Amino acid sequence: MLAPLPVSLASIVGVVEVKIDWLAKLLCCPVVTALQFQGALVALAVCGGWLWAGSMRLRELRRLQKLQQRQLWSKSQDASSRLAQQDKSLQSQAADIPIPKVTLILPVKGLRDGSIQAWASHLSQQYGGDLEAVFVVDDRSDPAHAAAEAALRHSKGQAGRRCPIELPVPGQKSPVSAGIKAASSNSKYVLCLDDDVTLHPTAVSMLVAAAEDDPGAFMVTGYPFDIPPENVDLLTLCMLVYHLPLLIAFSVRQQTDFLYGGCMMFPLEPLQSGQYPFIQAWQDGGYSDDLTAASVCNQHGLQILCPSSAIFPQHLQGPTTIGQWWNYLRRQLYVLDTYASDKNRRTNHTMMLLHSWLSWGLVLPMTTVMLRSLLWLVQVVLLPTQSVWQGPGTSYAWLHMFHVESCPWSSISHATFALSFLLAACSLSWMTGVVLRLLQHLHHGHVTHFHKDRFPWGKVWLAMYVNNAVLPLCMLYTYVQPAVEWSGVTYRKHAGRVVRQASRHPERCGQALS
Numbered sequence: 001m002l003a004p005l006p007v008s009l010a011s012i013v014g015v016v017e018v019k020i021d022w023l024a025k026l027l028c029c030p031v032v033t034a035l036q037f038q039g040a041l042v043a044l045a046v047c048g049g050w051l052w053a054g055s056m057r058l059r060e061l062r063r064l065q066k067l068q069q070r071q072l073w074s075k076s077q078d079a080s081s082r083l084a085q086q087d088k089s090l091q092s093q094a095a096d097i098p099i100p101k102v103t104l105i106l107p108v109k110g111l112r113d114g115s116i117q118a119w120a121s122h123l124s125q126q127y128g129g130d131l132e133a134v135f136v137v138d139d140r141s142d143p144a145h146a147a148a149e150a151a152l153r154h155s156k157g158q159a160g161r162r163c164p165i166e167l168p169v170p171g172q173k174s175p176v177s178a179g180i181k182a183a184s185s186n187s188k189y190v191l192c193l194d195d196d197v198t199l200h201p202t203a204v205s206m207l208v209a210a211a212e213d214d215p216g217a218f219m220v221t222g223y224p225f226d227i228p229p230e231n232v233d234l235l236t237l238c239m240l241v242y243h244l245p246l247l248i249a250f251s252v253r254q255q256t257d258f259l260y261g262g263c264m265m266f267p268l269e270p271l272q273s274g275q276y277p278f279i280q281a282w283q284d285g286g287y288s289d290d291l292t293a294a295s296v297c298n299q300h301g302l303q304i305l306c307p308s309s310a311i312f313p314q315h316l317q318g319p320t321t322i323g324q325w326w327n328y329l330r331r332q333l334y335v336l337d338t339y340a341s342d343k344n345r346r347t348n349h350t351m352m353l354l355h356s357w358l359s360w361g362l363v364l365p366m367t368t369v370m371l372r373s374l375l376w377l378v379q380v381v382l383l384p385t386q387s388v389w390q391g392p393g394t395s396y397a398w399l400h401m402f403h404v405e406s407c408p409w410s411s412i413s414h415a416t417f418a419l420s421f422l423l424a425a426c427s428l429s430w431m432t433g434v435v436l437r438l439l440q441h442l443h444h445g446h447v448t449h450f451h452k453d454r455f456p457w458g459k460v461w462l463a464m465y466v467n468n469a470v471l472p473l474c475m476l477y478t479y480v481q482p483a484v485e486w487s488g489v490t491y492r493k494h495a496g497r498v499v500r501q502a503s504r505h506p507e508r509c510g511q512a513l514s
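Numbering (the UniProt record's numbering), first residue to last: 1 to 514.
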C-alpha cells in the first residue's frame with residue numbers, strides 16, 4: 001500500500017536534508033576555506049592587473065586625443081602667427097631627418113576569414129618613409145599565393161606607394177628568417193606580422209617612433225585584442241578569454257620581457273649580420289618565433305618595448321567546434337615545452353606550473369562557491385519545512401541555514417571570494433571599454449563594431465571558468481604528447497626542439513589563430 005502523499009514528500013525532504021547537511025559540512029572544512037581565500041587573492045591580483053592595464057591604455061588614449069586637438073588647433077585660421085612660424089620651423093627640421101625604411105614580413109598560409117582585409121591594412125599604411133612588403137609562402141599551390149599576388153597588384157596601383165614588393169617562395173624552416181633574408185639591405189627595420197592582424201592606419205609610424213625615441217630599445221612589439229562576432233558561441237569565447245589575463249603583461253609598462261609573434265619589429269642590420277643569433281635560433285627547429293626571440297633578448301640583455309598604442313583588433317570567427325578549441329589551446333601551451341637552453345627550459349616549465357596553478361586556483365574556489373550558493377538556494381526553498389532546523393525560532397533558522405554558527409570562517413571566505421570576483425568582473429568590463437575606445441580612436445572612428453555590447457559578460461565568465469578548468473589538463477596532455485597541428489602543418493618536439501613533419505594546403509584554415 002502506498003504511503004499518503006504528505007508522508008512521501010516528508011520522506012523525500014528528509015533525504016534531501018541529509019544530503020544537504022553532509023555537503024554543507026564538507027564545504028565548511030578548512031581546506032575549502034583556504035581555497036576560497038587563495039582564490040580571492042588571485043581574483044584581486046587579476047583585478048588589479050586589469051585596472052592597471054586599463055589605466056595605461058586610458059592614459060595613451062588621452063595623450064592621443066590631446067595631440068589631435070593640438071594639431072587641429074594649430075591648423076585653424078585662429079592660430080597665432082608665432083605658432084604658425086614655430087610649426088613651419090619644426091616641419092623644416094623634421095624634413096631634414098630621414099625617415100627609416102621599413103620592410104613588412106608577412107608569413108602566410110591558407111586563407112582565413114579576414115586575411116584579405118588584414119593585408120590591406122598592412123599595405124595601406126600612412127607612413128612617411130619607404131615601405132616594403134615581403135609575403136612568405138610555402139609554395140605556389142597554396143591559395144594564399146594567388147591572393148597575395150592580387151593584394152600586391154592592388155597595392156602597386158595606389159598613389160604614394162614608393163616601395164618594391166617581392167613574393168619569395170623559400171621552402172625553409174622559418175618563414176620569418178626567410179623574409180628577413182629577402183628584405184632590402186637599405187631597410188632599417190623589419191616588422192614581422194601575422195596575416196590576421198589588422199593594423200590601424202598609423203601603426204607602423206607609431207612603432208618606428210617608439211624605437212627611434214628610445215635608443216636603448218632593441219625591438220618593439222604589440223598585442224592583439226580579440227573582438228567576438230555577434231551572437232558568439234561559448235567555445236569561441238573560450239579562445240577569447242585566454243588572452244585577457246596575458247594582456248596585463250603587455251600593458252602595465254612600456255618595457256616588457258614578453259613578445260607577441262604577430263607584431264615584432266627588429267632592426268635589420270643586427271639580424272642579417274648575425275650579431276645576435278635570432279635567425280640561427282629560428283632555423284634550429286623553431287616553432288614559436290616570439291618565445292624564441294624573447295629568449296634571445298633575455299640572454300643578451302636586449303630591451304623590448306610595447307607602446308600603449310600598439311594594440312590590434314583580432315576578429316574571431318564562429319562558431320567554434322570542440323576540436324578547434326582544443327587544438328587552439330594546445331597550440332598556445334605547446335610553446336612552453338620548447339626551449340633552446342637549460343635556463344630557457346626552466347623558465348618555460350616554471351611558467352607551465354604557474355599557469356596551471358593560477359587556473360585551478362581560480363576554478364576550484366569558484367566551484368565551491370557555486371556549490372554553496374546552490375545549497376543555500378535549495379535550503380531557501382525548503383525553509384518552510386521547519387523540521388529541517390532544530391532551533392528555538394525562525395530567526396535562528398537562517399543562521400543555521402547559512403552555517404554562520406558552525407563555520408563562520410567559511411562564510412567569511414565565501415563572501416570574500418564573491419566580492420573579489422565581482423571586483424574582477426567590473427575591472428575587466430572597464431578595461432575592455434577603455435581598450436575599445438582606444439581602438440576606435442586609432443582607427444579614426446571608421447570601424448563601428450568596437451562596442452562592449454559584443455561581449456556577453458555572463459557567457460564570458462562561463463567561458464573563463466571552462467577554459468581555466470580544462471587548461472591544466474591540456475597542459476599535461478601537451479607536455480606528454482610531442483605532436484601538434486597548426487594550419488595544416490604537423491610539428492613534433494624533441495628535447496626542446498621542434499621538427500616540421502608534414503604539410504597540407506587546405507582552401508581554408510579555419511580558426512588557426514596565433
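Where is the CB? At the ideal position from N, CA and C, for every residue including glycine. Predicted, not measured: the structure shown is a model, and the values here were computed from it.
Check: The beta strand (DSSP E) enclosing residue 483, as first and last residue numbers; Outcome: 483-486
Check: Distance CB(residue 118)-CB(residue 233) smaller than 7 Å; Outcome: no
Check: Identity of the residue in 309, 275 and 347 nearest residue 528 by Cα; Outcome: Outside the shown range of the chain, which is 1 to 514, sits residue 528, and nothing can be said about it.
Check: Close Cβ partners of residue 145 (< 7 Å) along its chain, the five nearest in sequence each way excluded; Outcome: 137
Check: Residue 253 versus residue 224 - alpha carbon distance; Outcome: 16 Å
Check: Residues of its chain near residue 201, where Cβ-Cβ distance is below 6 Å and the 5 sequence neighbours each way are ignored; Outcome: 126
Check: Whether residue 187 touches residue 103 by CB criterion (7 Å); Outcome: yes
Check: Under 7 Å between C-beta atoms of residue 56 and residue 251; Outcome: yes
Check: Contact check, residue 414 vs residue 369, beta carbons under 7 Å; Outcome: yes
Check: Backbone CA spacing between residue 207 and residue 438 [nearest angstrom]; Outcome: 16 Å
Check: For residue 217, the residue or residues it bridges with in DSSP; Outcome: 303
Check: Straight-line gap, residue 220 to residue 281 (C-alpha atoms, nearest Å); Outcome: 19 Å
Check: Chain-order list of residues whose beta-carbon lies under 7 Å from that of residue 303 (same chain, five-residue window excluded); Outcome: 216, 217, 218 and 255
Check: Buried or exposed by the 16-neighbour rule on C-beta atoms within 10 Å, applied to residue 177; Outcome: buried
Check: Best match in 476, 454 and 498 for proximity to residue 483 [C-alpha to C-alpha]; Outcome: 498
Check: Option in 141, 61, 468 and 120 with minimal Cα separation from residue 241; Outcome: 468
Check: Straight-line Cα distance separating residue 433 from residue 462; Outcome: 20 Å
Check: Short Cβ contact (7 Å threshold) for residue 428 with residue 450; Outcome: no
Check: Contiguous alpha helix (DSSP H) assignments of at least 4 residues, all confined to the region 338-385; Outcome: 342-382
Check: Backbone CA spacing between residue 230 and residue 325 [nearest angstrom]; Outcome: 18 Å
Check: Run of the beta strand (DSSP E) containing residue 269, from where it starts to where it stops; Outcome: Taken as a continuous stretch (DSSP letters only), residue 269 belongs to no beta strand (DSSP E), being part of the alpha helix (DSSP H) at 268-273.
Check: Nearest residue (CA-CA) to residue 472, options 352, 140, 296 and 204; Outcome: 352
Check: Option in 51, 58, 120 and 491 with minimal Cα separation from residue 440; Outcome: 58
Check: Residue 412 versus residue 355 - alpha carbon distance; Outcome: 27 Å
Check: CB contact flag (residue 183, residue 268, <7 Å); Outcome: yes
Check: Those runs of the alpha helix (DSSP H) which lie wholly inside the UniProt domain "Glycosyltransferase 2-like" (119-266) and span at least 4 residues; Outcome: 143-156, 175-182, 203-213 and 234-246
Check: For residue 321, three-class secondary structure by DSSP; Outcome: coil
Check: Beta-carbon separation (whole angstroms), residue 227 vs residue 329, contact threshold 8 Å; Outcome: About 20 Å separates the two Cβ atoms, so there is no contact after all.
Check: Pairwise C-alpha distance: residue 67 and residue 309; Outcome: 13 Å
Check: Three-state secondary structure (DSSP) of residue 315; Outcome: strand
Check: Presumed contact (8 Å Cβ cut-off) between residue 128 and residue 99, rounded CB distance; Outcome: 5 Å
Check: Beta-carbon proximity check, residue 41 vs residue 365, cutoff 7 Å; Outcome: no
Check: C-alpha gap between residue 147 and residue 357, whole angstroms; Outcome: 44 Å
Check: Among 361, 418 and 123, the one whose alpha carbon lies nearest that of residue 373; Outcome: 418
Check: Integer Cβ distance of residue 33 from residue 409, believed to fall under 8 Å; Outcome: 5 Å
Check: Alpha carbon of residue 488 to alpha carbon of residue 333, nearest angstrom; Outcome: 18 Å
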